[in-house]
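The next block holds one structure in the form of structure tokens; read it before the comments.
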């Protein structure tokens, strides 16, 4: 009995279906359309199934096929007209009435609208507008990759085995980043907007973080200044060598700190997958702070991802922003981030702030 | 000298190093992501399951409309079916998230269609967030006549769109427009109404007189438009259900045009021209309450209410060129909000209330653009020989407008564009079309 009580439920548990809501939809004839749109009298799409009568062909409303007007005759090109719909006439005289072959009878509105429920496809556009450059907007511009190249963060030429070579190279496909521009280029921008531009570099690390300082400042120092280099290297080594001692405090991260370059690499990797294209305007105003625990092979533990806080939006928009952040962390970490394993203690737990300030539609 | 520099650096660094290290190590690694990417979200929409043979013909069609709705926004990209690893064989089958992750599907929409003997069909769907390993909300079911299968597909797409983006959809909506035919110098025009994607066209008037500027009421049951059937421009109100129409009750000798409903559905804004001067007026759609809102020797036209009904945006040439102005709904001193080069017209307030769309003419080119309601942050979204007459989708994310082409064979057509300026698309119509006005989302 005890055994049955413990494990019996496993055999008895029903496969509960996921919840399902139900509502009704009806065909939108003109009459229904009007009726549906009146809030008080709207009988449409009730949550409970109303009796929806399928419209019979040849119902009370006669089928009137839409008249496809005759193709326009060739006329002289006209200059660019002013917007006519809403603009007041300069001289408030009526627009000259078009020459219309007046019908014999007085103009009458058609019988109740032609129920041209043409589910058939409408005419195909004959001149599709050109899409606005690359559909992908990313921090770094990238040209269109070779057709056979795999998508990767870096450009790598294809490596093929050379039979005559002494050392046979491992065969590798070419890789290249996905084509992207750095900003949305609208049709109106096209004549003057550059197709690619370099975004400003990320803000440098704060100077107080000494472990990062040598790396961050390295390019600015003279290459020949060997003494300074040596001292800086020694300092960095000294700083890192003392780190374990400091890290012995309980619950504190251990290992040498990440350099600015290593943190930048992580930041770049995550932002490659942070797709804000489908976020609502409100979500694009919401900054979320997300925490994630990492495995030793630098993959995110997806179960550990959670939102710590948000700012600038509602709970609903924060939820959308969080989901986009979560997807970014998981997607680009699927094969492991490029993080030094010897510093695992430093990146075992990461807090990422996703700030869409620069990604808003402006 | 080098030694001094080195020593100085050493002292400075040693002084700062240890506290900084201690600080660095006091918590988790923190990074800030400020730059992301903007690209369509990959979505998988496996063909809906036909739960009985009669549903077979609808299952594929409904799936295609849903996928087209989503992909048409430019926010989503449909993953080709031949890339699928998992096949969905039952509406209640478990989703294999790993299979969808492997093809980078970030959302999956599954569904089923069943057809009853009385001509009714039922469409149900579920959406899943692949990288969250969880459903996106509960399943949802729509029922109706088989003839309304397209509406059901749009409703499913609206629900999916809303769950993923967090904002309302716009697929289950209609557009009233002017259908055109004939040569440019003798155009025949009539009012048409269609689904937002160009399907299910119905005509509301014949082509016996010029019609312009149709505008839906906030409830979508009536349309205001300008007609020349009396020989001069006059505003009419038309009941969409009965196609009955009547002229607004204004002085017979005046010309009225550019009408627009107020958010209460009772107030009508329009331009009234008398004695050679055009000004803005409001009145009750059922007659009475005629009120003059502007009084200037210039041309004031194209008025539109803010969504809360407190303000009116309109165009005026009172400064010498055509510009945009905002004033209180009851009239009062207007504030000019457009200051860029060129001429501005046909302002339309966004349903969200945060932006105003407009037509701009500058350097021989026409643009559709948006600006904040104070005139700041102007952005031009399009550029062509002739772009004009913007109208907002119910969710304020998309703008539809008229684009005319140059030359003898030039014809107007309807286009849509995202407010980011991306995803410029032509809206399919049976022939030349102009002057679109988007309905509210259907109930």
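Protein chains in written order, with my numbering: chain F, 1317 to 1678; chain D, 5 to 447. In this text, a Cβ means the ideal position worked out from N, Cα and C, and glycines have one as well.
- Residue pairing from DSSP leaves residue 68 of chain D without any beta-bridge partner.
- For residue 133 of chain D, the residues of chain F that pass the 7 Å Cβ criterion are 1639, in the order they occur in the chain.
- At a beta-carbon threshold of 8 Å, the residues of chain D lying near residue 1594 of chain F are 44, 45, 79, 80, 168, 169, ordered along the chain.
- Below the 8 Å Cβ cutoff, chain D contributes 41, 42, 43 as neighbours of residue 1453 of chain F, in chain order.
- Residue 284 of chain D and residue 306 of chain D have their C-alpha atoms some 9 Å from each other.
- Along the region 367-389 of chain D, going in chain order, the ones with a CB nearer than 8 Å to a CB of chain F are 368, 370, 371, 373, 381, 383, 384, 385, 386, 387, 388, 389.
- With the rule of 3 Cβ pairs closer than 8 Å, the region 1598-1612 of chain F does not count as touching the region 49-60 of chain D.
- Beta-bridge annotation (DSSP): residue 34 of chain D is paired with F/1667.
- Rounded to whole angstroms, the gap between the alpha carbons of residue 1653 of chain F and residue 349 of chain D is 52 Å.
- The Cβ of residue 32 of chain D sits closer than 9 Å to at least one Cβ of chain F.
- For residue 107 of chain D, none of the residues of chain F pass the 7 Å Cβ criterion, the least Cβ distance being about 12 Å.
- Cα atoms of residue 1490 of chain F and residue 1462 of chain F: separation of roughly 8 Å, rounded to the nearest angstrom.
- If you check each beta-carbon in the region 272-297 of chain D against every beta-carbon of chain F, the ones closer than 7 Å belong to 275, 277, 280, 282.
- In this structure, residue 438 of chain D lies near residue 393 of chain D, with their beta-carbon atoms less than 9 Å apart.
- Distance from the Cα of residue 398 of chain D is smallest, within the candidate group D/421, D/233, D/249, D/356, for D/356.
- Contact between the region 142-159 of chain D and the region 359-377 of chain D is absent: fewer than 3 CB-CB pairs across the two stretches fall below 8 Å.
- A Cβ of chain D is located within less than 9 Å of the beta carbon of residue 1672 of chain F.
- Note on geometry: alpha-carbon atoms of residue 181 of chain D and residue 213 of chain D lie some 15 Å from one another.
- With fewer than 16 other beta carbons inside 10 angstroms of its own, residue 85 of chain D counts as exposed.
- In the three-state reduction of the DSSP assignment, residue 275 of chain D falls in the strand class.
- Cβ atoms of residue 111 of chain D and residue 133 of chain D come within 8 Å of each other, at about 6 Å.
- Look at the region 130-155 of chain D: the residues with a C-beta under 7 Å from a C-beta of chain F are 130, 133, 135, 136, 139, 142, 143, 144, 145, 146, 147, 148, 149, 150, 151, 152, 154, 155.
- In the structure shown, residue 81 of chain D falls within a strand segment according to DSSP collapsed to helix, strand and coil.
- In this structure, residue 1606 of chain F and residue 1624 of chain F form a Cβ contact; the two beta carbons are roughly 7 Å apart against a cut-off of 8 Å.
- Residue 339 of chain D is positioned such that its CB atom lies closer than 9 Å to that of residue 330 of chain D.
- Of the candidates D/311, D/314, D/274, the residue whose Cα lies closest to the Cα of residue 298 of chain D is D/274.
- Scanning its chain for C-beta atoms nearer than 7 Å, with the 5 sequence neighbours on each side dropped, one finds around residue 345 of chain D the residues 366, in chain order.
- Residue burial annotation: residue 1587 of chain F is buried, with at least 16 other C-beta atoms found within 10 angstroms of its C-beta.
- A direct Cα-to-Cα measurement between residue 1613 of chain F and residue 1650 of chain F gives close to 10 Å.
- For the region 91-123 of chain D, residues whose beta-carbon sits nearer than 8 Å to a beta-carbon of chain F comprise 96, 105, 108, 110, 122, 123.
- For the region 1583-1615 of chain F, the residues whose beta carbon sits under 8 Å from a beta carbon of chain D are, in order, 1583, 1586, 1587, 1588, 1589, 1590, 1591, 1592, 1593, 1594, 1595, 1596, 1597, 1598, 1599, 1607.
- Taken in chain order, the whole beta strand (DSSP E) runs of length 3 or more contained in the region 94-132 of chain D are 111-119.
- Across the set D/193, D/300, D/262, the C-alpha of D/300 shows the shortest separation from the C-alpha of residue 279 of chain D.
- The contact set of residue 1633 of chain F on chain D, defined by CB atoms closer than 8 Å, consists of 170 in chain order.
- In its own chain, leaving out the 5 sequence neighbours on each side, no residue places its CB closer than 7 Å to the CB of residue 142 of chain D.
- Look at residue 208 of chain D here: in three-state DSSP terms it is coil, with no helix or strand label.
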